[in-house]
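Below: the structure, in structure tokens.
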DNA sequence: GTGAAAGCGCTAACAA
DNA sequence: TTGTTAGCGCTTTCAC
């Protein structure tokens, strides 16, 4: 019925252990033997039994992707990362499982422990905002489970992938400045998220470089959600001297800003320019379409998983890869009125 | 280190086999013995090793969720289903893996076979549109892999969950009729998707019941994407006698219709009413917010997985569960001009 | 109702 | 460089 390693060994005229060596790319096999075994595997369409492998070898060939589905309004972001992680795992014949965890819940660590003792993942991929949740990282190190992160805040000794969000934010604000805007507002994301901090810092950097003093009334707190964008914008548009442009820390909030503009009878981009960050599918579907920063989430997930796998498989060592950003200039930004 | 079944047996003063019986809810254990074993498991925080279980027992305790990420523009839909499936699997201590497959690709079946022989899932959950892809179903039956579906077209002998989409579509068109609309257009989804057929049928049923003859010019083909909605609407709005309301077969297309309305200088809902189907997060973020049909995707994923699991675990038999729909009346629909 | 022995398919440790 | 032996943690089969 099922082709076993032993069957391949018999066919290739070697011992089971040698087949195992070939299967695991171990040393100490001559090239000719290796080839002979490979041919036999191919011919018999041999598929190693994952449970037998992990039981005997004490490794699971499993990568778990951890995320917080509470603090992530834009689930397309996670879906794209997941796609990328999956692609990388598939390519290396690892399997992947997904694990929602909520930082706000008291049983975060208990659930993490359950994951580890139930499934024994060889490593995990962390997504914002849990990339920097200290109790999590501590527990992973104690349990000796390697991890790679997408957009981690602390970057020393961390594997994964990042983008220079601060530079990207600065660039998009400079785009507004170049259009002649001077009263530029910013809607901040959830406090303590790395993304919020970087994007705010980029905004400040651009404004300062243009010689503009920060008007505290123009910097308002949001929470990455559409509703928080609406609320923030209502505040901004009620100001006696309202902004001519709003840079929201993500696309969902930018959408909320555009909604609020409608409520106040302001035309985008004629009366007010609006831009966001992320380049979610939504941003292209709005009218006018949203100027934003492209984040290649899928690619980032793939890279993070690859770094983890290269760490696990011992080929050299995983790194923290930095990828470039790109601005998507669309209809929601125009010259200052 | 790790607590094994044998350790539990020793503590409870029984044989390993008896612990195994308790673990698997088998018969032939007295209640007192069962209780004693349970207590020992609890006390030692025993976690069975999944690989050992599946190697010895020839089952994987694994459910795979299959989807086509090609034909699914709204990935939040899949993400929500996934969340529900995961919840159900967790509750029954099954693990879940996700598997993108593309009907358009030639290697669909090869990739399915790879999934089966690599991971041996005990069952799979199917999502639209692959719920009715004949070669897939055939292969699953041959390989003896049970499946449950979300919104399958063929419903005889199928496990899973469904909603009466035709009635829902009829209801939303009746809402437009009640507002005084008579020239109501419909934008169809991808041909052959069950969703497209049901929603079109509901539209026709409502129009016919209102005594209105179908105007073929008002029924146009789309493809579930934003862009296809724009294109369809441009055609409709160019008509000499344009519709006063448009029912698009999903929210993404409805968004495209709203975009096109802007291009033609038409105000929604003043000049034209627009409604969709699905109640994606997007639908609440538009301005005006979209009238649509709520589909509880997460719940549907959970129910489908539960039906599969109840089939797998032999507790009675899985069924095809029908769940109710609900209309979300928002700002994009109003009285006919 | 319960237990003893054998073995699932693979790899670790050691030997040759 | 290659093979042998033992065993991973559980379930099966079959005996009691």
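Residue numbers (the working numbering), protein chains in the order written: chain A, 42 to 378; chain B, 42 to 378. Using N, Cα and C, we set each Cβ at its ideal position, and we do this for glycine too.
How far does the alpha helix (DSSP H) with residue i in it reach, from first residue to last?
i: residue 57 (chain B); result: 57 to 64
i: residue 157 (chain B); result: 149 to 160
i: residue 90 (chain B); result: Per DSSP, residue 90 (chain B) belongs to no alpha helix (DSSP H) and is neither H nor E.
i: residue 208 (chain A); result: 206 to 219
i: residue 326 (chain B); result: 322 to 326
i: residue 70 (chain B); result: It is not in any alpha helix (DSSP H) - residue 70 (chain B) carries neither H nor E in the DSSP assignment.
i: residue 52 (chain B); result: 46 to 53
Listing by chain order, which chain A residues have their CB less than 7 Å from the CB of residue i?
i: residue 136 (chain B); result: 138, 160
i: residue 88 (chain B); result: 158, 159
Which of helix, strand or coil does DSSP assign to residue i?
i: residue 432 (chain A); result: Nothing in the structure corresponds to residue 432 (chain A), since chain A is present only between 42 and 378.
i: residue 248 (chain A); result: helix
i: residue 364 (chain A); result: strand
i: residue 188 (chain A); result: strand
i: residue 77 (chain B); result: helix
i: residue 125 (chain A); result: helix
i: residue 171 (chain B); result: helix
i: residue 355 (chain A); result: coil
i: residue 338 (chain A); result: helix
i: residue 332 (chain B); result: strand
i: residue 312 (chain B); result: coil
i: residue 293 (chain A); result: helix
i: residue 136 (chain B); result: strand
i: residue 263 (chain A); result: coil
i: residue 203 (chain A); result: strand
i: residue 141 (chain B); result: strand
i: residue 372 (chain A); result: coil
i: residue 319 (chain B); result: strand
i: residue 194 (chain B); result: coil
i: residue 164 (chain A); result: strand
i: residue 183 (chain B); result: helix
i: residue 283 (chain A); result: coil
i: residue 255 (chain B); result: coil
i: residue 222 (chain B); result: coil
i: residue 131 (chain B); result: helix
i: residue 232 (chain A); result: coil
i: residue 270 (chain A); result: helix
Taking C-beta pairs closer than 9 Å, name the residues in chain B that residue i reaches, listed in chain order.
i: residue 267 (chain A); result: 322, 325, 326
i: residue 91 (chain A); result: 92, 95, 101, 159, 160, 161
Which chain B residues are close to residue i, counting only those with a beta carbon under 8 Å from its beta carbon?
i: residue 110 (chain A); result: 124
i: residue 18 (chain A); result: Residue 18 (chain A) is absent from the model: chain A starts at 42 and stops at 378.
i: residue 296 (chain A); result: 326
Hey, could you find the ends of the beta strand (DSSP E) residue i is sitting in?
i: residue 107 (chain A); result: 103 to 108
i: residue 227 (chain A); result: 225 to 229
i: residue 289 (chain B); result: 286 to 289
**Asked** For the stretch 251 to 268 of chain B against the stretch 227 to 239 of chain B, are there 3 or more C-beta pairs whose distance is under 8 Å?
**Response** As far as the Cβ criterion goes, the stretch 251 to 268 of chain B touches the stretch 227 to 239 of chain B, which means the pair count is three or higher.
**Contact list for the stretch 300 to 313 of chain B against chain A, Cβ threshold 7 Å** = Here the close residues are 300, 303.
**Prompt:** Using 8 Å as the Cβ pair cut-off and three pairs as the minimum, do the stretch 246 to 253 of chain A and the stretch 267 to 285 of chain A touch?
**Reply:** Cβ pair count under 8 Å is below three, so no.
**Request:** Decide yes or no for the touch test of the stretch 52 to 68 of chain B against the stretch 50 to 69 of chain A: beta carbon pairs closer than 8 Å, at least 3 of them.
**Result:** No: fewer than three Cβ pairs fall under 8 Å.
**Prompt:** For the stretch 268 to 276 of chain A against the stretch 292 to 309 of chain A, are there 3 or more C-beta pairs whose distance is under 8 Å?
**Reply:** Short answer: they touch.
**Where the stretch 264 to 289 of chain A meets chain B: residues whose CB sits under 8 Å from a CB there** = Listed in sequence order: 267.
**Asked** Taking Cβ-Cβ distances below 7 Å as the criterion, which residues of the stretch 354 to 377 of chain B are in contact with chain A?
**Response** Answer in chain order: no residues at all.
**Prompt:** Which residues, taken in chain order from the stretch 330 to 341 of chain A, show a beta carbon closer than 8 Å to some beta carbon of chain B?
**Reply:** So nothing in the stretch comes that close.
**Prompt:** How do the stretch 140 to 160 of chain A and the stretch 355 to 368 of chain A stand: do at least 3 beta-carbon pairs fall below 8 Å, yes or no?
**Reply:** The stretch 140 to 160 of chain A vs the stretch 355 to 368 of chain A: no contact.
**Prompt:** Do three or more CB pairs link the stretch 148 to 160 of chain B to the stretch 147 to 165 of chain A at distances below 8 Å?
**Reply:** Touching, no.
**Item:** Sufficient close CB pairs (3 or more, under 8 Å) joining the stretch 331 to 342 of chain B to the stretch 120 to 135 of chain B
**Value:** With a cut-off of 8 Å, the stretch 120 to 135 of chain B and the stretch 331 to 342 of chain B count as touching, because enough Cβ pairs lie within range.
**Prompt:** Are the stretch 320 to 335 of chain B and the stretch 370 to 378 of chain B in contact at 8 Å, needing three or more beta carbon pairs?
**Reply:** Short answer: they touch.
**Item:** Touch test, the stretch 211 to 230 of chain B against the stretch 185 to 192 of chain B, Cβ-Cβ under 8 Å, three pairs minimum
**Value:** Under the three-pair Cβ rule at 8 Å, the stretch 211 to 230 of chain B does not count as touching the stretch 185 to 192 of chain B.
**Message:** Closer than 8 Å is the cut-off here; do at least three beta carbon pairs connect the stretch 166 to 182 of chain A with the stretch 205 to 217 of chain A?
**Reply:** With the cut-off at 8 Å, the stretch 166 to 182 of chain A and the stretch 205 to 217 of chain A do not touch.
**Prompt:** Okay, do the stretch 92 to 104 of chain B and the stretch 303 to 323 of chain B touch, 3+ Cβ pairs below 8 Å being the bar?
**Reply:** No, the stretch 92 to 104 of chain B does not touch the stretch 303 to 323 of chain B.
**Message:** Counting beta carbon pairs with one atom in the stretch 167 to 178 of chain B and one in the stretch 315 to 324 of chain B, are three or more of them shorter than 8 Å?
**Reply:** No, the stretch 315 to 324 of chain B does not touch the stretch 167 to 178 of chain B.
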